[in-house]
Amino acid sequence: MICRITKRHLYTIIMITTGLLFVACRESGTNKIQEETDQSFQPYFQEQHRPQFHFSPERMWMNDPNGMVYYENEFHLFYQYYPDSTVWGPMHWDHAVSTDLIHWEHLPIALYPDALGYIFSGSAVVDWKNTSEFGAGNDPPLVAIFTYHKIEGERAGDNDFQTQGIAYSNDKGRTWTKYGGNPVIPNPGIKDFRDPKVIGYQPSQKWVMVLTAFDHVRLYNSNNLKDWELVSEFGHDQGSHGGVWECPDLFPLMTDTGEEMWVMIVSLGDGAPNGGSGTQYFVGNFDGKTFTNKNPKEQVLWLDYGRDNYAGVTWSDIPEEDGRRIFLGWMSNWKYAQVVPTDSWRSAMTLPRTLELKNTEAGLRLVTKPVEEIRNILGESVELKPQTLARGEELVIGTSTEIDRCLLELTISTGEAGKFLIEMSNVENQRLLVGYDGRRDEFFIDRTASGKSGFSNEFSGVHTAPRISKSPHINLKLFLDVSSVEVFADQGEVLLTDVFFPDSNYHAIRLISEEGDAEIVKGKLTSIKSIWRED
Ligand code: FRU
Numbered sequence: 148m149i150c151r152i153t154k155r156h157l158y159t160i161i162m163i164t165t166g167l168l169f170v171a172c173r174e175s176g177t178n179k180i181q182e183e184t185d186q187s188f189q190p191y192f193q194e195q196h197r198p199q200f201h202f203s204p205e206r207m208w209m210n211d212p213n214g215m216v217y218y219e220n221e222f223h224l225f226y227q228y229y230p231d232s233t234v235w236g237p238m239h240w241d242h243a244v245s246t247d248l249i250h251w252e253h254l255p256i257a258l259y260p261d262a263l264g265y266i267f268s269g270s271a272v273v274d275w276k277n278t279s280e281f282g283a284g285n286d287p288p289l290v291a292i293f294t295y296h297k298i299e300g301e302r303a304g305d306n307d308f309q310t311q312g313i314a315y316s317n318d319k320g321r322t323w324t325k326y327g328g329n330p331v332i333p334n335p336g337i338k339d340f341r342d343p344k345v346i347g348y349q350p351s352q353k354w355v356m357v358l359t360a361f362d363h364v365r366l367y368n369s370n371n372l373k374d375w376e377l378v379s380e381f382g383h384d385q386g387s388h389g390g391v392w393e394c395p396d397l398f399p400l401m402t403d404t405g406e407e408m409w410v411m412i413v414s415l416g417d418g419a420p421n422g423g424s425g426t427q428y429f430v431g432n433f434d435g436k437t438f439t440n441k442n443p444k445e446q447v448l449w450l451d452y453g454r455d456n457y458a459g460v461t462w463s464d465i466p467e468e469d470g471r472r473i474f475l476g477w478m479s480n481w482k483y484a485q486v487v488p489t490d491s492w493r494s495a496m497t498l499p500r501t502l503e504l505k506n507t508e509a510g511l512r513l514v515t516k517p518v519e520e521i522r523n524i525l526g527e528s529v530e531l532k533p534q535t536l537a538r539g540e541e542l543v544i545g546t547s548t549e550i551d552r553c554l555l556e557l558t559i560s561t562g563e564a565g566k567f568l569i570e571m572s573n574v575e576n577q578r579l580l581v582g583y584d585g586r587r588d589e590f591f592i593d594r595t596a597s598g599k600s601g602f603s604n605e606f607s608g609v610h611t612a613p614r615i616s617k618s619p620h621i622n623l624k625l626f627l628d629v630s631s632v633e634v635f636a637d638q639g640e641v642l643l644t645d646v647f648f649p650d651s652n653y654h655a656i657r658l659i660s661e662e663g664d665a666e667i668v669k670g671k672l673t674s675i676k677s678i679w680r681e682d
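In terms of our numbering, the sequence shown opens at residue 148 and continues consecutively.
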């Protein structure tokens, strides 16, 4: 029998060995090692603040999702990774795969830094027609397109240290070979020149690359993924410029009225509506070379109003029969990402979410929903009784140690002067508040008293999002996972994603009517199973 040792097995072996070492040291009285190993000896994925149904690395530093591609029944997720520390450093692409977008298997690191530099963010495609000629046999190669970041150049104050490189795999993404002709796009003298996203454009049968160049995006065409021609620029005077542009994406979407439009996503290093890094998008047309924004150029559309959804892009090569546009973001913010209070790893990804284009009361907007595969881990549900809470009244929705991971669905009707909040709390009386304020017509997450916040003076705060819908029924879908909350309001028209770090996990959820009456039209609390351990 062949015994396959996965990263998870290795991790367990290391942890058990560390545990044994710890016991041995305790007996021989070596206190220093004892303290250090004591902290790291944690059962698998059960450390304090560890998300239970979101993707996070087994250990060490993670940032952007990269190279998301679907091939032969596997969703690949590569990501920015530094294996030697829990803070950012020389970037690698680490790797995980899933067959349902919910359960993930950690795989070995896919791309290591080399003489051309660290491996920064980028994308991957299936080269179905073997245009790159990297294929072996009958199967198409997977091709990864990424940015090389030459640290020596950055340190020397040069402005040409970011270039674009490619690599290929002929074994379903398990091993990668870098192309000998790298870099495939040299630097034109722009310091911030990175994060290539490649798509196939059917009408011209060409590859299209979109990458960010400081304050705009550049679009390229290619026949073979190796030779690229600059065809247009977009964005110098469009949207928000509160920070450097990063991690673009470009894709077509059918609107709810059956019109094909193109969406351009651009992350911004700073200047998001609630501070720090965030993601904007544009809706328009694309002819294979040029993207045209259909909205006024100064208009800014935000993908998520929470502070913790950054550098998100979408999966490539989702089969036509599936037809979804599936997005995943990094659930952190550069303002404090490197100092959040987790010990052995840093950060998690958002839930995978579908993107749709809908004609809303405010115009054509992206609507975001959690992928339906989430049902694979839903547990028991309890329905709330329809009832009205008068001002000051509260309803205990649930109390249990399991409540730190759940889905709460609520439809509430409240007047223009109404304000209600959902309060999640622990024994220390630390509280996370999620709610709607009728006077301001906005949703909010208040994490000012949610737990630890002293690690950064950028962390604490109230994050708000204007409501779009005029419906008297306010609809909220809220996913709570130990240290994160994702709020999908009004069927995904408005989104807020935030992380938080309570001293002990939340164990109680209450609904409080703060102003006016809150009529609970419908409500349901559902438990969610861990994807990392048996419950
Ligand atoms: C975004 C980003 C990218 C870059 C990567 C480096 O978070 O700054 O622009 O490629 O992170 O890790």
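Cβ coordinates follow ideal geometry from the N, Cα and C atoms, glycine included.
Query	Result
6 Å Cβ shell around His-296 - same chain, five flanking residues per side excluded	Gly-264, Tyr-265, Phe-267, Gln-309
Beta carbon of Pro-287 nearer than 8 Å to that of Asp-274	yes
Backbone CA spacing between Gly-608 and Gly-598 [nearest angstrom]	12 Å
Separation of Ser-479 from His-654, as counted between CA atoms	24 Å
Residues near Val-391 in its chain [Cβ-Cβ closer than 7 Å; skip 5 each side]	Asp-339, Phe-361, Gly-416
Validate contact between the stretch 502-516 and the stretch 643-661 using beta carbons, cut 8 Å, 3 pairs	no
Chain-order list of residues whose beta-carbon lies under 7 Å from that of Gly-423 (same chain, five-residue window excluded)	Asp-417, Arg-454, Asn-480, Trp-481, Lys-482, Glu-605
Reduced DSSP secondary structure (H/G/I, E/B, other) of Gln-311	strand
Nearest candidate by alpha-carbon position, reference Arg-321, set Asp-307, Thr-515, Ala-243, Ser-387	Ala-243
C-alpha distance - Thr-548 paired with Ser-572, whole-angstrom precision	11 Å
Cβ neighbour criterion (16 or more within 10 Å) applied to Asn-576	exposed
Bounding residues of the beta strand (DSSP E) (the contiguous stretch that carries Gly-214)	207-218
Contacts around Lys-624, its chain only, beta-carbon distance under 6 Å, and the 5 residues preceding and following it disregarded	Glu-556, Phe-635
Bridge partner(s) assigned by DSSP for Pro-499	Note: Pro-499 sits in no beta bridge, so no partner.
Contact test: Gln-227 Cβ vs the ligand FRU heavy atom, cutoff 7 Å	yes
Anticipated Cβ contact below 8 Å, Phe-293 with Pro-343, distance rounded	7 Å
CA-to-CA distance, Pro-230 to Cys-172, given in whole angstroms	Bear in mind that a pLDDT of 31 at Cys-172, under 50, signals an unreliable position, so the number given afterwards is only what the model happens to contain. Looking at the two C-alpha atoms, the distance is approximately 26 Å.
Complete runs of the alpha helix (DSSP H) confined to the stretch 232-309 [at least 4 residues]	298-302
Near the ligand FRU: Ser-547 beta-carbon under 7 Å from a heavy atom	no
Residue from Phe-590, Gly-545, Glu-530, Phe-225 whose Cα sits closest to the Cα of Ala-495	Phe-225
The ligand FRU heavy atom lying under 7 Å from the CB of Phe-267	yes
Segment contact flag, the stretch 211-222 with the stretch 508-524, C-beta cutoff 8 Å, min 3 pairs	no
Minimum C-alpha distance to Asn-523 - residue among Thr-246, Tyr-348, Gly-236, Trp-208	Thr-246
DSSP bridge partner residues for Trp-392 (one or two, in chain order)	Leu-415
Local Cβ density within 10 Å of Ser-651, reported as buried at 16 or more and exposed below that	exposed
Alpha-carbon to alpha-carbon, Trp-409 and Lys-441	10 Å
Residue from Val-629, Gln-638, Val-430, Gly-582 whose Cα sits closest to the Cα of Ala-612	Gly-582
Secondary structure of Glu-183, DSSP reduced to three states	Confidence at Glu-183 is low in this model, with a pLDDT of 37, below 50, so the placement of that residue should be treated as unreliable; the coordinate-derived value is given next. Note: Glu-183 maps to helix in three-state DSSP.
Any non-hydrogen atom of the ligand FRU within 7 Å of Met-356 CB	no
Where Glu-549 falls: helix, strand or coil (DSSP)	helix
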